[in-house]
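J.: In the working numbering, the protein residues as written are 1012 to 1171.
Backbone N, C-alpha and C fix where the C-beta goes; we use that ideal spot for every residue, glycine too.
Fair warning: this is a prediction, and the values are worked out from it, not measured in the lab.
1. Can you give me the Cβ contacts of residue 1066 inside the same chain, cut-off strictly under 8 Å, excluding the 5 residues immediately before and after it?
2. I need the straight-line Cα distance from residue 1109 to residue 1059, nearest angstrom please.
3. Find out if the Cβ-Cβ distance for the pair residue 1107, residue 1127 is shorter than 7 Å.
4. If you pair each beta-carbon of the stretch 1090–1102 with each one of the stretch 1025–1035, do three or more pairs fall below 8 Å?
5. Can you tell me where the alpha helix (DSSP H) with residue 1112 in it begins and where it stops?
6. What does the Cβ neighbour count give for residue 1132, buried or exposed, with the cut at 16 atoms within 10 Å?
7. By a C-beta neighbour count over all protein chains shown, 10 Å radius and 16 as the cutoff for buried, is residue 1135 buried or exposed?
Structural data, given as structure tokens:
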């Protein structure tokens, strides 16, 4: 490992170790308090937007796994929906349910996925489905296009 000496004869690591001391000193001076439950110190990897970031780069969080199942043949509701789509976060077992019509399309399913799952859990690392005809490659194409367009719009708006 190569360490470069800074102008004041300290290594990068030594300078970096001073930053938390300075920050905590300023917080003490102005009577500010940190929520230690939200802080991550000394970890080799940290979670950021559904990924793990560390010295070896960025990779998907292995805990992000979502399953999806369609259930049809239920009694109809007031809007003539006779089925449900079930999304389950397989790590924490959180379930998201949505009533759907018998002729639900992959585009509608993609919108449900983004609105009900993606906004709470981020993009899953893997996705398990019952291989229903409504869930095909087109589902992912529509879903990914929508997510990317929304993210780009938000990114562009943040600079105006």
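T.: The relevant details are as follows:
1. 1055
2. 28 Å
3. yes
4. no
5. Run containing residue 1112: none; DSSP gives neither H nor E here.
6. buried
7. buried
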